[in-house]
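Asks: Okay, so the first sequence: first residue is 26 according to the numbering used here, each after it adds one. C-beta atoms are modelled at their ideal positions from N, C-alpha and C, and glycine is treated no differently. Predicted, not measured: the structure shown is a model, and the values here were computed from it.
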Amino acid sequence: MTPPARLRRELRGRTLKKLDRRGKYLVGTTDCGSRLVLHLGMTGQLFSSEAASPRLLSATARASLAPEEQGDFRPDSHTHLRFCFDDGGPEVFMRDVRKFGKVQLLAAGEASARLDELGGDALELDGDRLFGATRGRKTAIKALLLDQRVIAGCGNIYADEALFGAGVRPGRRAARVTRRECVALAEALRRVLARSIETGGTSISDYVAPDGRDGGYQDERKVYARAGAPCYSCATPIKKTVIAQRGTHYCPRCQK
DNA sequence: ACCGCACCCTGAGCGC
DNA sequence: TGCGCTCAGGGTGCGG
């Protein structure tokens, strides 16, 4: 975590030359070669000053502001960063209620163990590579999917959805998942993520796009946060358990 | 090397 | 109305 004063000092006057995504990290490179690394954690939001959404307001702010007053965003106590640009474009805010997000400025040439240890990107996950990563691993297949050193960019919702798509129980020991199942799992994860990107992401509690709009994937999820509701394939109630300290949802009939 | 767990932090929703 | 409890999309650091 880089202190705000240092961010101010070292970013002022710099030009952002490029912006990359590495798994769940956003990496901006400046004209002097330094890199700004952002991670949104659980409740982090990155958005334009022109964005308007009830998700960008606390409950009390929502209650006290009339809908027509909920226009251009005003920083509140959960707003930790404001980027101002001199090209006339809107400002960019980072807001994060739970403060699990991270902001780190790396000097030119400075390495980051976190970034360097990231596995291959989830969007291009290869089934055979996943199979290789599961060999000799006693941990649950879901825990492995969430390990960013194995797959960069897979989060809890998408792990549950991919496991459902592939018909694999989240608690199975990774080493017991077959090559065929790993191929299906990789394909399911790529498909789930591609579809979530198409629909703009999953807005269940905090997520908003940079323009403030909700995503649509919450309407397409099959198991996540559907405990007790009927499976869309077989009508068996979806079960919920805990794996790797994360809420885990699956169909006890469709997933073996 | 690997594994499971406590912990970081704040707010929403629930039962009483 | 308010209290206390549980839970939440992520990651780190520790002990075994």
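Where do the ends of the beta strand (DSSP E) carrying Y50 lie?
Replies: By 1-based counting over the first sequence, the position of residue 50 is 25. Counting along the chain, the beta strand (DSSP E) containing Y50 begins and ends at 50 to 55.
Asks: Please report the distance separating the alpha-carbon of G157 from that of C279.
Replies: Position 132 of the first sequence, counted from the start, is the residue given in the question as residue 157. Position 254 of the first sequence, counted from the start, is the residue given in the question as residue 279. Rounded to the nearest angstrom, the two C-alpha atoms are 25 Å apart.
Asks: Does the separation of the CB atoms of G237 and A76 fall below 8 Å?
Replies: Indexing the first sequence from 1 puts residue 237 at position 212. Indexing the first sequence from 1 puts residue 76 at position 51. Taking 8 Å as the Cβ cut-off, G237 and A76 qualify as a contacting pair.
Asks: Let me confirm a value: M26 is counted as buried when at least 16 other C-beta atoms fall within 10 Å, else exposed. Which label applies?
Replies: Looking up residue 26 in the first sequence gives position 1. It counts as exposed.
Asks: In the DSSP assignment, find the alpha helix (DSSP H) that holds F282 and state where it starts and stops.
Replies: Residue 282 lies beyond the stretch modelled for the chain, which goes from 26 to 281, so this question has no answer here.
Asks: Would you report the Cα separation of A211 and Y249, rounded to the nearest angstrom?
Replies: Sequence index remark: in the first sequence, residue 211 carries index 186 (1-based). Sequence index remark: in the first sequence, residue 249 carries index 224 (1-based). Taking C-alpha positions only, A211 is separated from Y249 by approximately 18 Å.
Asks: Quick one: any contact between the segment 218 to 226 and the segment 262 to 281, if contact means 3 or more CB pairs under 8 Å?
Replies: The segment 218 to 226 vs the segment 262 to 281: no contact.
Asks: If I measure Cβ to Cβ from A121 and keep anything under 8 Å in the same chain, skipping five residues before and after, which residues do I get?
Replies: As a first step, residue 121 must be located in the first sequence, where it is residue number 96. The residue you asked about is not Ala; residue 121 is Asp in the sequence shown. These residues qualify, in order along the chain: L65, G66, T68, G69, Q70, H103, H105.
Asks: Between the beta-carbon of T159 and the beta-carbon of A191, is there less than 8 Å?
Replies: The sequence position of residue 159 within the first sequence is 134, counting from 1. The sequence position of residue 191 within the first sequence is 166, counting from 1. Result no, Cβ atoms of T159 and A191 do not sit closer than 8 Å.
Asks: Measuring CA to CA, which of K167, L143, I182 is closest to V193?
Replies: Working through the first sequence from its first residue, we reach residue 193 at position 168. If you compare the alpha carbons of K167, L143, I182 with that of V193, the shortest gap goes to K167.
Asks: Unbroken beta strand (DSSP E) runs of length 3 or more, entirely within the segment 92 to 120: which are they?
Replies: Fully enclosed beta strand (DSSP E) runs of 3 or longer: 104 to 108.
Asks: Among G58, V52, G48, T203, whose alpha-carbon lies nearest the alpha-carbon of L143?
Replies: Stepping through the first sequence from its first residue, residue 143 is reached at position 118. Of the candidates G58, V52, G48, T203, the one whose C-alpha sits nearest the C-alpha of L143 is G48.
Asks: Look at the Cβ atom of C179, then the Cβ atom of A213, and state whether they are nearer than 8 Å.
Replies: Start at 1 with the first residue of the first sequence, and residue 179 comes out as number 154. Start at 1 with the first residue of the first sequence, and residue 213 comes out as number 188. No, these two residues do not count as a Cβ contact at 8 Å.
Asks: Using three-state DSSP, classify T266 as helix, strand or coil.
Replies: The residue labelled residue 266 in the question sits at position 241 within the first sequence. Look at T266 here: in three-state DSSP terms it is strand.
Asks: By Cβ distance below 6 Å, which residues in the same chain neighbour A209 in space, the five residues on each side in sequence not counted?
Replies: In the first sequence, residue 209 corresponds to position 184, counting from 1. Closer than 6 Å at the Cβ level, and outside the excluded window around A209, lie A191.
Asks: Where does the unbroken alpha helix (DSSP H) through R139 begin, and where does it stop?
Replies: Position 114 of the first sequence, counted from the first residue, corresponds to residue 139. Residues 138 to 141.
Asks: Could you tell me whether the Cβ atoms of V233 and A187 are closer together than 8 Å?
Replies: Start at 1 with the first residue of the first sequence, and residue 233 comes out as number 208. Start at 1 with the first residue of the first sequence, and residue 187 comes out as number 162. Here V233 is not near A187, since their CB atoms are 8 Å or more apart.
Asks: Less than 8 Å between the C-beta atoms of S74 and E116, yes or no?
Replies: Taking the first residue of the first sequence as position 1, residue 74 is located at position 49. Taking the first residue of the first sequence as position 1, residue 116 is located at position 91. Yes, Cβ-Cβ distance for S74 and E116 is below 8 Å.
Asks: Starting from the C-beta of V267, find all residues in its chain whose C-beta is less than 8 Å away, skip the five residues before and the five after it, and write them out in chain order.
Replies: Your numbering for residue 267 matches position 242 in the first sequence. Non-local C-beta neighbours of V267 in its own chain, meaning closer than 8 Å and more than five positions away in sequence, comprise T273, ordered along the chain.
Asks: By how many angstroms is the C-alpha of R201 removed from the C-alpha of G161?
Replies: To locate residue 161, count along the first sequence from 1; it is residue 136. To locate residue 201, count along the first sequence from 1; it is residue 176. In a straight line, the C-alpha of G161 is about 9 Å away from that of R201.
Asks: Could you give the residue range of the alpha helix (DSSP H) that holds K127?
Replies: The residue given as residue 127 occupies position 102 in the first sequence. From DSSP, K127 is part of no alpha helix (DSSP H) but of the beta strand (DSSP E) over 127 to 131.
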